[in-house]
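Under the UniProt record's numbering, the first residue of the sequence shown carries the number 1, and numbering increases by one thereafter.
Cβ atoms here follow ideal geometry from the backbone N, Cα and C, with glycine treated the same way.
All of these numbers come straight from a predicted model, not from anything done at the bench.
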Amino acid sequence: MPSSPKARLRVLSLTTLVILVVLYYIKSQGDSLLPRKEPLGNLVFDYDSYKISEQQIQNQKEQIYPTKTESSSSGTPTSPPSPQEDPDNPRKFLGDIDAVPPSEAPPISPGKKALLGVPPQNFFFKTVVKPEPSTPKQLSQPLENSNIKPLNFRIYSHNIKNGGTHELIPGELSWEERVKDITSSMKFHSSENTIFTLQELYKYQLMDVLSQLNKFMNEWAFYGVGRINGDDLGELVPIIYNSNHWDLLYNDTFWLNDKDPRSSLQGWDAIYARIASVVTLRHKQSNNVINVFNTHFDHVGTAAKMGSSELILSKVNKIVKSGENKWPSFIAGDFNAEPNDACIKKIKESMTDSVALATVGNRFGHTKSTVTGFEGEVLRDGGQNIDYIFAPKYTKRIDQVGDAAGSKSVCEKSVKSNVFEEKADLALAQFGMLHSKFNGRYMSDHRPIVADFVISSKCQQ
1 MPSSPKARLR VLSLTTLVIL VVLYYIKSQG DSLLPRKEPL GNLVFDYDSY
51 KISEQQIQNQ KEQIYPTKTE SSSSGTPTSP PSPQEDPDNP RKFLGDIDAV
101 PPSEAPPISP GKKALLGVPP QNFFFKTVVK PEPSTPKQLS QPLENSNIKP
151 LNFRIYSHNI KNGGTHELIP GELSWEERVK DITSSMKFHS SENTIFTLQE
201 LYKYQLMDVL SQLNKFMNEW AFYGVGRING DDLGELVPII YNSNHWDLLY
251 NDTFWLNDKD PRSSLQGWDA IYARIASVVT LRHKQSNNVI NVFNTHFDHV
301 GTAAKMGSSE LILSKVNKIV KSGENKWPSF IAGDFNAEPN DACIKKIKES
351 MTDSVALATV GNRFGHTKST VTGFEGEVLR DGGQNIDYIF APKYTKRIDQ
401 VGDAAGSKSV CEKSVKSNVF EEKADLALAQ FGMLHSKFNG RYMSDHRPIV
451 ADFVISSKCQ Q
């Protein structure tokens with residue numbers, strides 16, 4: 001330290017000058033010399049705490065995806081604004097890709113996952129009584145006139161696994177992660193005149209499926225109600241059809257029980273109340289008609305499975321015997337029973353398992369196990385075939401069509417009990433058990449099954 005006063009004064013002045021320069025520099029640089037907080041993607045990283053705070057995450061989420069949705073004048077929530085264009089998929093020329101931008105993400109219905117699949121223990125729901133609707137008249141007139149036009153159609157059936165608030169089992173992904181694979185499979189495999197029969201889904205899941213199917217064209221409609229209250233509570237077994245191709249002439253739901261099928265009651269030894277949906281559809285172009293049943297049998301009760309088979313068959317026979325509807329009926333669904341179980345044998349007395357009509361040349365995909373589990377555990381245990389598409393007993397193999405073709409004079413005089421069987425051929429065109437695992441993950445614990453049918457006239461026009 002300088003001893004003279006002048007020297008000390010010079011040092012002090014120099015020090016003061018340095019301090020002033022440093023302070024001026026800090027002021028000019030703002031907060032850049034303070035602990036840094038830099039952008040990290042869409043979040044903010046705090047170098048002091050070395051972590052992203054929950055509040056920061058929430059703030060950023062609200063900026064990107066607002067939690068409050070505005071409503072249109074009709075009360076329907078509007079979609080959030082689209083983000084900036086994805087540089088990896090400009091103008092979406094790649095379509096749906098793995099890195100799905102928010103505007104392409106499946107529109108998951110918010111706040112509806114509390115809908116009940118099964119009633120909670122010790123909770124009572126009032127029994128619902130659903131009156132039986134009247135059946136349409138004069139549906140068999142085209143048959144009587146021998147005016148049967150060719151028709152190809154497809155039935156695609158899939159148990160998509162309910163997506164409620166239950167704890168996920170090992171390997172199971174959330175509904176939000178599964179819905180896009182499920183609907184992508186449906187869209188890809190929907191040929192003209194396709195009818196979807198789905199099992200084990202709640203109303204909000206059905207709305208998500210329809211939202212995806214109608215993403216580009218509003219053409220898919222459905223019929224189906226919940227098994228608890230005959231409306232929106234409980235699992236549904238809906239039937240989805242293309243309204244551009246089909247007219248819905250009739251629809252009904254009945255409960256599978258031995259007390260009153262018009263009432264929401266459990267039947268026999270079933271654990272839960274079970275239902276069946278049925279629709280009568282008329283093809284707009286050909287004027288042909290088909291009846292489609294969709295069901296999901298109880299997974300435990302043996303007597304319930306047999307009783308359910310007998311009840312559905314009685315409904316099929318009632319349609320035929322009514323005299324107004326001689327058109328073919330089909331039963332699809334998850335029957336929770338193997339081919340040699342008594343309830344399946346009972347159905348086979350009156351109906352034909354579609355897979356039995358397939359040949360080497362028109363069968364696609366897997367040959368064993370409509371059930372996989374979410375980790376393939378069912379496959380490792382030998383597999384299970386419990387999902388079916390049943391067709392009328394008179395359905396033929398594709399190589400049998402035309403063998404017994406008659407003349408117009410023969411067709412004008414019916415000798416069989418069923419006028420459709422007399423004047424038309426119904427054949428299985430092809431059958432497939434589709435894949436359900438993509439990119440290492442299962443979209444459901446069941447595989448979709450698909451049956452293509454063709455209706456043709458035996459009569460020479």
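For Q430, DSSP records a beta bridge to D452. Separation of the CB atoms of F254 and A276 is rounded to 6 Å, and the pair is thereby assigned contact status at 8 Å. In terms of Cβ geometry, L173 and R447 do not form a close pair [threshold 9 Å]. Spatial neighbours of Y223 in its own chain (CB-CB distance under 7 Å, excluding positions within 5 residues in sequence) are listed in chain order as P238, I239, L248, N251, S277 and V279. Taken through DSSP and simplified to helix, strand or coil, A270 comes out as coil. Between the segment 290–304 and the segment 197–205, the count of C-beta pairs closer than 8 Å reaches three or more; the two stretches touch. Between the C-alpha atoms of A427 and M433 there is a straight-line separation of about 18 Å. With fewer than 16 other beta carbons inside 10 angstroms of its own, H166 counts as exposed. Nearest in C-alpha terms to K137, of all of E338, V289 and P150, is V289. When secondary structure is reduced to three states using DSSP, P392 falls in the strand class. The alpha helix (DSSP H) runs of length 4 or more contained entirely in the segment 166–215 are, from start to end of the chain, 175–188 and 203–213. In the structure shown, F420 adopts helical secondary structure according to DSSP, grouped into three states. Taking the Cα of T127 as reference, the smallest distance to any Cα among Q205, L265 and N362 is reached at L265. DSSP lists no bridge partner for N362. At a Cβ-Cβ threshold of 9 Å, L311 and P261 count as neighbours.
Judged by DSSP in its simplified three-state form, K346 adopts helix. About 4 Å separates the beta carbons of Q430 and N362, which is inside the 8 Å limit, making them a contact pair. A distance below 9 Å separates the beta carbons of S140 and N325. Nearest neighbour of I182 by Cα position, chosen from S157, S191, G171 and L168, turns out to be S157. Between Y388 and G307, the gap from beta carbon to beta carbon reaches 9 Å or more. Per the coordinates, the alpha-carbon of Y272 lies some 34 Å from the alpha-carbon of F188. The C-alpha of K284 is placed about 25 Å away from the C-alpha of N317. Residue environment: V355 is assigned as buried (16 or more neighbouring CB atoms within 10 Å of its CB, all protein chains considered). Secondary structure of L151 (DSSP, three-state): strand. Bridge partners of G333 according to DSSP: T295 and Y388. Y241 counts as buried, since no fewer than 16 other beta carbons sit within 10 angstroms of its beta carbon. Pairing S309 with K259 gives a Cβ-Cβ distance that is not under 9 Å.
Burial check for G323: the Cβ neighbour count within 10 Å stays below 16, so the residue is exposed.
The beta carbons of H299 and N257 sit about 16 Å from each other, so the pair does not count as a contact at 8 Å. Contact annotation, S457 with K423: C-beta distance approximately 7 Å; criterion of less than 8 Å satisfied. About 20 Å separates the CB atoms of G226 and L213; that is not less than 8 Å, and the two are not in contact. Residue state for K437 is assigned as strand, using DSSP reduced to three classes.
Within the same chain, N159, K161, E172, V371, T372, G373, F374 and V378 come within 8 Å of D445 by CB-CB distance, once the 5 residues on both sides are set aside. Counting along the chain, N317 sits inside the alpha helix (DSSP H) bounded by residues T302 to K321. Assigned with DSSP and collapsed to three states, V289 falls in strand. In the DSSP assignment, V401 forms no beta bridge with any residue.
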